[in-house]
Amino acid sequence: MKRFPFPAEVGFPWVQNGSCDPYMPVTQPCELGNYASYSINVTREEDVVAGIRFARENDVRLSIKNTGHDYLGKSTGKGSLSLWTQNLKAIEVMDNYSSPYYTGPAIKLGAGVLAVEAYLAAHERGYRVVGGTCATVGVAGGYSQGGGHSTLSSAYGLAADNVLAWEAVLPATGERVVATPDGPHADLYWALSGGGGGTFAVVLGMTARLHRDGPVGGATLWFDDSGILDGDSINGDRNSSNSSSSSSRNDVFWDAVGAVHAALPPLLARGVSALYSITDRTFNLFSLTATDRDGAQVAALLRATLLPELERRGVPFAFEAHQSPGFLAHFARDLGPLPYGLFSTGQVTGSRLIPRAVVGGPAVTGALRNVTAAAAAGDFFVACQALDVSGGGDSFLPRVADNAVLPAWRDAATHCIVVGPWDYGGGGDAEGLAVARARMEAKQRQLADVFTPMLEAATPGSGTYLNEANFQQRNFQEHFYGANYERLLRVKRKYDPEGILYAVTGVGSEMFEEDAEGRLCRTVEER
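Numbering (full-length UniProt numbering), first residue to last: 1 to 527.
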């Protein structure tokens with residue numbers, strides 16, 4: 001996924017009004033639509049202070065855009081003044097950071113530092129840092145402020161769990177503060193560490209823990225339903241129909257998926273994380289991360305957990321274990337090439353955190369089977385990250401301090417996201433663009449009205465990762481923030497009583513709504 005190095009450009013096509021699509025006819029007018037009208041290239045604290053003051057004095061909508069990796073439309077707004085923080089690029093590696101709550105190596109990152117830049121800086125000094133699976137996400141931006149899952153999370157926690165301090169400008173006063181777990185702004189530290197970006201303050205940078213680098217074990221695992229022997233074939237009955245045989249094989253395949261999911265928690269508790277995709281007929285674990293282990297140790301772990309479940313069911317599989325000398329090499333191997341990384345952009349999404357208690361059960365397996373069956377016909381795919389950030393694993397490093405991360409993360413075995421790639425309608429005519437837009441609107445309805453409710457019904461009491469969710473998520477307060485919402489709302493009112501900062505589905509955003517033309521309007525008085 002490439003970054004978006006322009007002041008107002010974002011990676012969520014839904015909020016790009018389409019009038020400036022490169023495929024459109026030259027006769028069609030190009031309008032700004034939902035793009036910010038003006039942008040400030042933030043390179044210092046004073047730029048933020050000036051922007052906040054101007055927005056307040058002139059009643060102008062304010063938005064914050066870092067890298068533009070945003071699936072909900074938080075990074076832009078019609079008619080807004082945008083604070084573009086991507087050029088806050090300072091990096092400082094500290095071998096001996098000391099505070100009452102942590103002593104050890106740390107890294108100070110400007111808000112615009114990309115994950116790949118942080119990885120490189122840490123690697124040069126013999127460390128690892130928790131960052132995104134997408135190499136071009138801004139570590140100190142909405143990524144860490146929203147929680148931030150990583151291939152290192154089963155070992156070191158979410159990105160928010162590693163934050164030592166936030167440097168930020170308060171929207172109500174324009175004051176620059178450093179928020180720490182034990183300082184006068186401890187409540188702001190808590191809220192910024194998992195409560196969502198673009199909401200409580202304008203972040204200039206953060207300081208986070210570093211972790212000593214070393215070998216990293218990895219693995220890939222693939223299986224599908226094509227090589228599975230159905231019961232009729234095993235018994236020598238050649239008269240059964242092909243459709244019956246196919247159905248039988250697919251039943252075995254989904255039984256294997258459920259069994260693999262059920263076997264995940266003990267593996268994850270050993271500090272292992274895994275990225276995988278699922279279709280109606282395939283399971284592809286394309287990246288496994290096991291810190292401070294070699295390939296042989298990884299192979300032994302999987303032979304003791306996942307692989308016997310496949311062998312027991314007669315499911316053929318392709319498995320390979322490997323190792324890298326350090327985390328950067330491992331990341332580049334699995335999720336490269338660097339600097340842009342593996343993942344593409346332009347999509348609509350819906351997601352769910354799946355708890356350890358039900359991950360291998362029939363309700364979750366059935367929901368995933370139904371979602372992937374419908375997804376296959378509608379050009380969707382399902383991708384998941386398996387991890388354990390409960391704090392109870394054998395290899396887990398406790399979080400720096402209490403934070404606002406959605407509590408459902410602590411119970412989750414995997415985070416699954418349903419992705420609908422964007423159709424840009426490259427036919428070069430207005431009719432083709434209109435058809436493509438209508439197709440994406442149908443995809444969005446399917447995500448919001450069908451896929452997401454299916455996953456929610458199978459995981460009652462869980463939640464949804466606010467950074468990789470559907471922007472029309474119903475009851476987002478419960479699903480994104482859970483029991484933390486009322487406390488987060490109090491922090492919001494304390495530091496931003498006028499609602500200067502607005503983010504779609506952000507804390508306090510229900511006090512506003514966008515009208516038919518995209519303008520932001522206040523809906524109710526604060527309670």
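Ideal placement from N, C-alpha and C gives every residue a C-beta, glycine not left out. A quick note: this is a predicted structure, and the numbers were derived from the prediction, not measured.
Does DSSP put residue i in a helix, in a strand, or in coil?
{"i": "His415", "result": "strand"}
{"i": "Glu514", "result": "strand"}
{"i": "residue 540", "result": "A question about residue 540 goes unanswered here, because the residues of the chain that appear run from 1 up to 527."}
{"i": "Pro41", "result": "Before going further, note that residue 41 is Asn rather than Pro in the sequence given. Three-state DSSP puts Asn41 in a strand."}
{"i": "Leu338", "result": "coil"}
{"i": "Val163", "result": "strand"}
{"i": "Asp213", "result": "coil"}
{"i": "Ala191", "result": "helix"}
{"i": "Val504", "result": "coil"}
{"i": "Phe480", "result": "helix"}
{"i": "residue 612", "result": "The question about residue 612 has no answer, for the chain in this structure spans 1 to 527."}
{"i": "Ala469", "result": "coil"}
{"i": "Ala442", "result": "helix"}
{"i": "Ile234", "result": "With a pLDDT of only 38 at Ile234, under the threshold of 50, the placement of this residue in the model should not be trusted; the figure read from the coordinates follows. Residue state, collapsed to three classes: helix."}
{"i": "Ala219", "result": "strand"}
{"i": "Leu204", "result": "strand"}
{"i": "Gln16", "result": "coil"}
{"i": "Pro171", "result": "coil"}
{"i": "Ser75", "result": "coil"}
{"i": "Val348", "result": "strand"}
{"i": "Gly461", "result": "coil"}
{"i": "Gly183", "result": "coil"}
{"i": "Gly33", "result": "coil"}
{"i": "Asp251", "result": "helix"}
{"i": "Ser509", "result": "helix"}
Would you mind reading off the limits of the beta strand (DSSP E) that contains residue i?
{"i": "Gln473", "result": "Unbroken run through Gln473: none, as it is neither H nor E."}
{"i": "Lys65", "result": "62-65"}
{"i": "Thr282", "result": "282-291"}
{"i": "Leu520", "result": "520-522"}
{"i": "Ala179", "result": "176-179"}
Note the first and the last residue of the continuous alpha helix (DSSP H) segment covering residue i.
{"i": "Glu45", "result": "45-58"}
{"i": "Val491", "result": "485-495"}
{"i": "Leu455", "result": "452-458"}
Report all residues from its chain with a CB closer than 8 Å to the CB of residue i; omit the five preceding and five following residues, and keep chain order.
{"i": "Pro407", "result": "Gly463, Gly482, Ala483, Asn484"}
{"i": "Gly236", "result": "Annotation note: pLDDT 38 at Gly236 (below 50); position unreliable, coordinate value reported separately. Closer than 8 Å at Cβ, skipping near neighbours: no residue."}
{"i": "Gln472", "result": "Gln444, Ala448"}
{"i": "Val504", "result": "Leu72, Gly73, Lys74, Phe471"}
{"i": "Glu513", "result": "Leu520, Cys521, Thr523"}
Would you check whether the ligand SAM has a heavy atom nearer than 8 Å to the C-beta of residue i?
{"i": "Asp411", "result": "Inclusion of the ligand SAM in the displayed structure is not the case, the ligand content being empty and no account of it being possible."}
Excluding five sequence neighbours on each side, which residues of the same chain lie with their C-beta closer than 6 Å to the C-beta of residue i?
{"i": "Ala458", "result": "Ala363, Val364, Ala367"}
{"i": "Ala262", "result": "Gly360"}
{"i": "His322", "result": "Gly218, Gly295"}
{"i": "Leu264", "result": "Ala386, Ala413"}
{"i": "Gly132", "result": "Ala115, Tyr143"}
{"i": "Val260", "result": "Leu306, Glu309"}
{"i": "Asn239", "result": "Residue placement at Asn239 is flagged as unreliable, the pLDDT there being 43, under the threshold of 50; the coordinate-derived value follows with that caveat. Closer than 6 Å at Cβ, skipping near neighbours: no residue."}
{"i": "Glu311", "result": "none"}
{"i": "Asp292", "result": "Gly214"}
{"i": "Ala383", "result": "Ser277, Ile417"}
{"i": "His69", "result": "Gly11, Val137"}
{"i": "Asp224", "result": "Arg281, Thr282"}
Got a sec? Which residues, its chain only, sit under 7 Å from residue i by beta carbon, not counting five neighbours each side?
{"i": "Pro105", "result": "Met94, Asp95, Tyr97, Tyr127, Leu210"}
{"i": "Trp254", "result": "Thr365, Arg369"}
{"i": "Glu320", "result": "Ala219, Thr220"}
{"i": "Tyr189", "result": "Trp166, Ala179, Thr180, Pro181"}
{"i": "Leu488", "result": "Ala191, Gly195, Ala404, Tyr481, Val507"}
{"i": "Gly314", "result": "Ile228, Leu229"}
So, does the CB of residue i fall closer than 9 Å to a CB anywhere in chain B?
{"i": "Arg44", "result": "You won't find chain B in this structure, because it holds only one protein chain."}
4 or more residues per run - each alpha helix (DSSP H) lying fully within the segment 353-392: For the segment 353-392, whole alpha helix (DSSP H) runs of length 4 or above, ordered along the chain, are 362-377.
The segment 343-363 in contact with the segment 118-126 per 3-pair CB rule at 8 Å: The segment 343-363 makes no contact with the segment 118-126, as fewer than three CB pairs between them are under 8 Å.
Inside the segment 78-136 only - alpha helix (DSSP H) runs reaching at least 4 residues: Taken in chain order, the unbroken stretches of alpha helix (DSSP H) that lie wholly in the segment 78-136 and span 4 residues or more are 115-124.
Can you list the alpha helix (DSSP H) stretches of 4 or more residues lying completely in the segment 256-326, in chain order? The segment 256-326 contains these whole alpha helix (DSSP H) runs: 295-303, 307-312.
Whether or not the segment 284-303 and the segment 326-337 are in contact is what I'm after, with contact meaning three or more pairs of Cβ atoms, one per stretch, closer than 8 Å; do they touch? Yes: at least three Cβ pairs fall under 8 Å.
Touching by the beta-carbon criterion (3+ pairs, under 8 Å), the segment 298-306 and the segment 381-399: Between the segment 298-306 and the segment 381-399 there are fewer than three inter-stretch CB-CB distances shorter than 8 Å, so the stretches are not counted as touching.
I want to know whether the segment 48-64 touches the segment 80-95 - three or more CB-CB distances under 8 Å. Touching, yes, given that three or more Cβ pairs across the two stretches are closer than 8 Å.
So, do the segment 492-502 and the segment 187-202 have three or more beta carbon pairs nearer to each other than 8 Å? The answer is yes - the segment 187-202 touches the segment 492-502, with three or more Cβ pairs under 8 Å.
At a cut of 8 Å, does the segment 265-277 reach the segment 178-198 through at least three beta carbon pairs? No: fewer than three Cβ pairs fall under 8 Å.
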